[in-house]
Amino acid sequence: MNVLADFYAAHSKLIDQVGIDALLALSLSISLQAGQLALAQAAFMGVAAYISAVLALNAHWTLLPAMLVATLCSTIVAGLLALPVRRLRGIFLAIATIAFGEIVRIVANNLAISGGAEGLSGIPPDATTPWIYGTLVIVSTGLWFFSRTKFALAIALVREDESAARGVGVDVGLVRFTTLAIGGAIAGLAGALYAHSNFFITPADFGFGRMEQILVWCVIGGITSPLGAAIGAALLTILPEAIRALADYRDFVNGIILLVVVLFAPRGLAGIRLGKRR
Amino acid sequence: MKRPVFFAFALAATCALIPTAVVGPSLAATTKGPAAGKTVKVGVIADVTGSAAVYGVQQKDAYELANDDLKSGLLDAGGANLSFDVEDAASDGNQVANLFQKFTTDGTALILGPTLSGEARKGDPIAVAAKTAVVGTSTTADGITSLGPCVFRVSLSEAQVVPATVAHTKAVWKYKTAAIIYGDDNAFTKTDGDIFKTQLEKAGVSIVDTETFHVGDKDFAASLTKIKAAKPDVIVLGALAEEAEKIIQQASTLGIKTHMMGGNGLNSTKIYDYAGPAAAGVVVGAAWSINGNYTGNKSFVERFKKRYGVEPDQFGAQAYAAAQLVAQLVKEGKATKDEMCPALRELRVAQTVLGPIAFDPGRDVNAAPVILQIEKGGFAYFH
Amino acid sequence: MVGQQLVNGLFLGAVYALFAIGYTLVFGVLDILNLAHAAIFMLAAFATWSLLGAGLPFWLAAPIAIAGAGVLGIVLDRIAFAPLRRRAAPNLIPLISSIGMAIIFGAIARGIYGPDERQFALAFLQTPPLHAGPLTFTIVQLVILGSAIAFMLGLAWVMRATALGRAIRAVAEDRVAAALLGIDLERTIGATFFIASALGGLAGILTALQYNSVQIDMGGQIELKGLAVIVLGGMGSITGAVIGGFVIGMVETLAVAFGLSEWRDAISYGVMFLILIVRPTGLFGKRSLRTA
């Protein structure tokens, strides 16, 4: 037991990071399961991170209420985003959501309440490992039950063949809206947890770089598999620490791994079939 | 009783009389301090790769040079086995946190770094909770040292330097209006801009135009055109070297001949390398001068240049100064985590390439800023 | 002052336009967003710097680097995209693949050159600026403007008047039909990558000249701006890329001129977002909305 305690003491930060990154990957995975390349998770994460941080710093809220309110906000933002982009598909949707993400980041950079470029400091570190993994377990369980519903079937159908889905009476708009909103909610939870375990947040934490990372995790793990996405996130979060000995070559190795997986294991590590090419 | 003492004294005196230059640096006097033979691990967290690599590489280079100097005796750690373990945080907040955790759980005595103020805000609290002392060498934002009772820094903050810069330049240039151009998406440049604005207004100067830019911008023509139209008596740059050099050069291209000044970020010879004569005369409020005569500074600059092919900049100098400080502490016998913090607090003075330094009650460095003026070949003191 | 600002916007736009042409070409033909384009942009600038350092004159170093960029584009396609084409992978995968290649290219550049910024020690960069009345600009800026226009015209000619150009347009229109018509797909795609990457390399060299700065991060900002340009201009349309480039350059410059400098990028992204909502095909895009 002492070995475990020591291991935890030396690696708790990494363990927490894995949990949060897994949540982020799950949030994107939902949209990808509906075939939506909606790349705004980093922005949803940022909105929730800032709101929960401001509530904690200015109004002294504790973690749970701050997290819930922040998540509500990020879900609303996601729902609001779903509206204007409802007719966009594929790469067009991707670019629109990336643009949205950048705008959110710039807004956070210019407002006084978010601290601007100097960010928000001194956030109480309430989000300990039990909170993070507790949330992860609840979200995962929820998603598992959700995957057993008829709605989940509709989602898969929309991904595989949208016109066929419409043909059998699936409300495609509702499917896309719901997946985006759920994604926004999960990313929001991750954002609040992130703020409350990192002491300090800054707009750059939630920009295109972060979004690229989340996308890479999902692709490596398997686009349509939530479990795969979570595993992808875990592996790639641990990777820089695991190959620390490689010093300056870490970046290079990162790129090679990405390339190798994409070229030789296109279904990702979880090996689930991707949607048909249109 | 007397004879052994006399004998020891004579022996010591004789040793002290041997000119170290004649014998060579490898036999330079490494005294035997109370920590002789002990291993002292000092962890360095620096952004060797990633967006802050330009600064992190200088820091890494400085510490590796320090490691060499410890081996050769140029830096004296009193016979202790002191080494600086430089780890790359890749400008990634997560890695910063992980490195802080590593260094607070593996027997490291002291942490130096991290490179950026934002990273300090993320990582220092971890060290504070573990009661490991942290000495920042490039973190200059507000509120860093107040993160904990064992968080120190050897880097003069903008809040400490800018008032002197404004006072000196106003006395000589006697300006009444100013324009400020600063980076709004970088904590350092934004703080710089804000502090200059406050200090100028306090000095009775009116700000006729404020422009912002983003890190990585290369084209400042639009902002400079606006500034030119506002006809300020002085232009203030809240910028780091990469942007500052372009602002200065593009201003010159547009025919702007106004006095210019800036903060720590401009303390780099790269600016004259890039902008040439257009940069001559720009005033820099800095923490170190490459031409300074302080302890070992000239030799440090030479050795750095010889080993790496480039000159050290302020980041490199401040890192090396921290190494000198640590070597001094270790020489005095401080070897463990618990001894470092009180030793830093009680430090009377350390002689470094930055000059003599000590810490004020807030654990910020107590040192005098230098007001420099860019000129061909380096910097001159501003009069 | 307004005149000078318009001139500023013009030159900024020319840089964006040059970069966007290569971007939009690959997208038009292959429906792929090549995120390694910015890396080639950067590598070509460094290659020129190295060649100059080795003693070659500029008029030799630049074309070699540009051709090298073109070849690198073909290599990029062979490694990262061609295998996926054979497997009919959905378009998300090539995007990730290009990210992987971008990381690798970046790591190589960093390994060779380090994070410091380099300058060109070229005499013509030191010539004093020119004046036309109250307006100021440099020779380099004129060269960039001239190059953008010249290459757009050149490319338009290639696309319209040569067999290769017709083949590229056919493949862009309908890949299956083009193959049925006997067009060699892989050769055409290879040629597309060569042209697109050579143009990206040219943009990199000219940008490096414009600001006398070669640095491993130099592609970062322009990558996202390039997206805004091709969305505005219409993805797949070369004319759109050029006009879009100038418009975005102008919008950014005027944003600063009107005191909105901290919102400058947000305005560009906002324009991008609005175009996608209201008219996804942009100003000149002819293709209808394609699904992933």
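Those protein sequence lines, which keep their order, are chains P, F and U.
Read in order, the letters of the first sequence are residues 6 to 283 in my numbering.
Read in order, the letters of the second sequence are residues 253 to 635 in my numbering.
Read in order, the letters of the third sequence are residues -9 to 282 in my numbering.
For each residue, glycine too, the CB sits at the ideal point set by N, CA and C.
Being a predicted model, the structure only gives us computed values, none of them experimental.
Residue 463(F) to residue 196(U), Cα distance in whole Å?
One alpha carbon belongs to residue 463(F), the other to residue 196(U), and they sit about 26 angstroms apart.
Per DSSP, the bridge partner or partners of residue 618(F)
DSSP lists 610(F) as partners of residue 618(F).
How is the alpha helix (DSSP H) around residue 146(P) delimited, first residue to last?
Boundaries of the alpha helix (DSSP H) around residue 146(P): 134 to 151.
Does the contact criterion of 3 or more C-beta pairs under 8 angstroms hold for the segment 43 to 52 of chain U versus the segment 147 to 161 of chain U?
No contact exists between the segment 43 to 52 of chain U and the segment 147 to 161 of chain U.
May I ask you to list the residues that DSSP assigns as paired with residue 511(F)?
486(F), per the DSSP bridge assignment.
Does DSSP put residue 108(U) in a helix, a strand or coil?
Note: residue 108(U) maps to strand in three-state DSSP.
Tell me the residue span of the beta strand (DSSP E) that contains residue 555(F).
No beta strand (DSSP E) holds residue 555(F); the alpha helix (DSSP H) holding it covers 549 to 560.
DSSP on residue 538(F), reduced to helix/strand/coil?
DSSP, read as helix, strand or coil, puts residue 538(F) in strand.
Starting from the N-terminal side, write out each stretch of the beta strand (DSSP E) that is 3 residues or longer and does not extend beyond the segment 121 to 153 of chain U.
Fully contained in the segment 121 to 153 of chain U are the following beta strand (DSSP E) runs of length 3 or more, in chain order: 125 to 127.
Locate the beta strand (DSSP E) running through residue 297(F), then write down its first and last residues.
Residues 291 to 298.
Boundaries of the alpha helix (DSSP H) in which residue 336(F) is found, first to last residue:
It is not in any alpha helix (DSSP H) - residue 336(F) instead sits in the beta strand (DSSP E) that spans 333 to 340.
Check whether the Cβ atoms of residue 204(U) and residue 48(U) lie closer than 7 angstroms to each other.
Here residue 204(U) is not near residue 48(U), since their CB atoms are 7 angstroms or more apart.
For residue 281(U), which residues of its own chain have a beta-carbon under 8 angstroms away from its beta-carbon, when the five flanking residues on both sides are left out?
At residue 281(U) the pLDDT is 34, less than 50, meaning the model places this residue with poor confidence; the figure from the coordinates comes in the next sentence. So the list is empty, once near-sequence residues are dropped.
Any idea what DSSP makes of residue 496(F), helix, strand or coil?
Under the three-state reduction of DSSP output, residue 496(F) falls in the helix class.
Would you tell me roughly how many angstroms separate the C-alpha atoms of residue 479(F) and residue 611(F), rounded to the nearest one?
Computed Cα separation, rounded: 40 angstroms.
Contact belief for residue 76(P) with residue 148(P) at Cβ below 8 angstroms, rounded distance in angstroms:
Taking C-beta atoms under 8 angstroms as the contact rule, residue 76(P) and residue 148(P) fail to qualify, at a distance of about 15 angstroms.
Tell me which residues of the segment 450 to 479 of chain F have at least one Cβ-Cβ distance to chain U shorter than 8 angstroms, keeping chain order.
Against chain U - using a Cβ distance shorter than 8 angstroms - the residues of the segment 450 to 479 of chain F are 463, 464, 465, 466, 468, 469, 470, 471, 473, 474, 475, 477 and 478.
Bridge partners for residue 217(U) per DSSP, in chain order?
As far as DSSP is concerned, residue 217(U) takes part in no beta bridge.
Near residue 231(P), what residues of its chain come up, given a Cβ to Cβ distance below 7 angstroms and the 5 sequence neighbours on each side ignored?
Same-chain partners within the cutoff: 31, 34 and 148.
Reduced DSSP secondary structure (H/G/I, E/B, other) of residue 203(U)
Residue 203(U) falls in the coil class under three-state DSSP.
What is the C-beta distance between residue 4(U) and residue 135(U), in whole angstroms, given that I count them as a contact (C-beta under 8 angstroms)?
Sure, about 5 angstroms apart at Cβ, within 8 angstroms.
From the DSSP output, which residues share a beta bridge with residue 435(F)?
The partner list for residue 435(F) (beta bridge, DSSP) reads 465(F).
Of the residues 468(F), 632(F) and 618(F), which one's Cα is nearest the Cα of residue 624(F)?
Taking each of 468(F), 632(F) and 618(F) in turn and checking the Cα distance to residue 624(F), the smallest one comes out for 632(F).
Chain U within 7 angstroms of residue 234(P), Cβ atoms only:
Closer than 7 angstroms to the CB of residue 234(P) there is not a single CB belonging to chain U.
Which of the three DSSP states, helix, strand or coil, is assigned to residue 55(P)?
Helix, per DSSP.
Report yes if the CB atom of residue 617(F) is closer than 7 angstroms to the CB atom of residue 608(F), and no otherwise.
The answer is no: Cβ separation not under 7 angstroms.
Using CA coordinates, which residue listed in 628(F), 548(F), 374(F) and 333(F) is at the minimum distance from residue 642(F)?
There is no way to answer for residue 642(F), as the model of chain F reaches only from 253 to 635.
Would you decide whether residue 629(F) is buried or exposed? Buried here means 16 or more other CB atoms lie within 10 Å of its CB.
Counting Cβ neighbours within 10 Å, residue 629(F) comes out exposed, since fewer than 16 surround it.
Taking only three categories from DSSP, how would you classify residue 22(U)?
DSSP places residue 22(U) in coil when its eight states are reduced to three.
Are the Cβ atoms of residue 596(F) and residue 385(F) separated by less than 7 angstroms?
Going by beta carbons, residue 596(F) and residue 385(F) fall inside the 7 angstroms limit.
What residue from 164(P), 201(P), 113(P) and 117(P) has the CA that sits closest to residue 207(P)'s CA?
Looking from the CA of residue 207(P), the closest CA among 164(P), 201(P), 113(P) and 117(P) belongs to 113(P).
Express the C-alpha separation of residue 255(P) and residue 27(U) in angstroms, rounding to a whole number.
Distance between the alpha carbons of residue 27(U) and residue 255(P) is about 22 angstroms.
Under 9 angstroms (Cβ pairs) to chain P, residues found in the segment 553 to 575 of chain F:
Those residues of the segment 553 to 575 of chain F that come within reach of chain P (Cβ to Cβ, closer than 9 angstroms) do not exist; the list is empty.
Tell me which residue opens and which closes the beta strand (DSSP E) that residue 213(P) is part of.
Secondary structure note for residue 213(P): it is in no beta strand (DSSP E), and the uninterrupted alpha helix (DSSP H) holding it is 213 to 226.
Please list the partners that residue 163(U) has in chain F, where partner means a Cβ-to-Cβ separation under 9 angstroms.
Listed along the chain, the chain F residues whose CB falls inside 9 angstroms of the CB of residue 163(U) amount to none; the nearest CB is some 37 angstroms away.
Skipping 5 residues on each side, what residues in its chain have a beta carbon closer than 8 angstroms to that of residue 271(F)?
Confidence in residue 271(F) is poor, its pLDDT being 44 and thus under 50, which makes the residue's placement unreliable; the coordinate value appears in the next sentence. Cβ neighbours of residue 271(F) beyond the five flanking positions: none.
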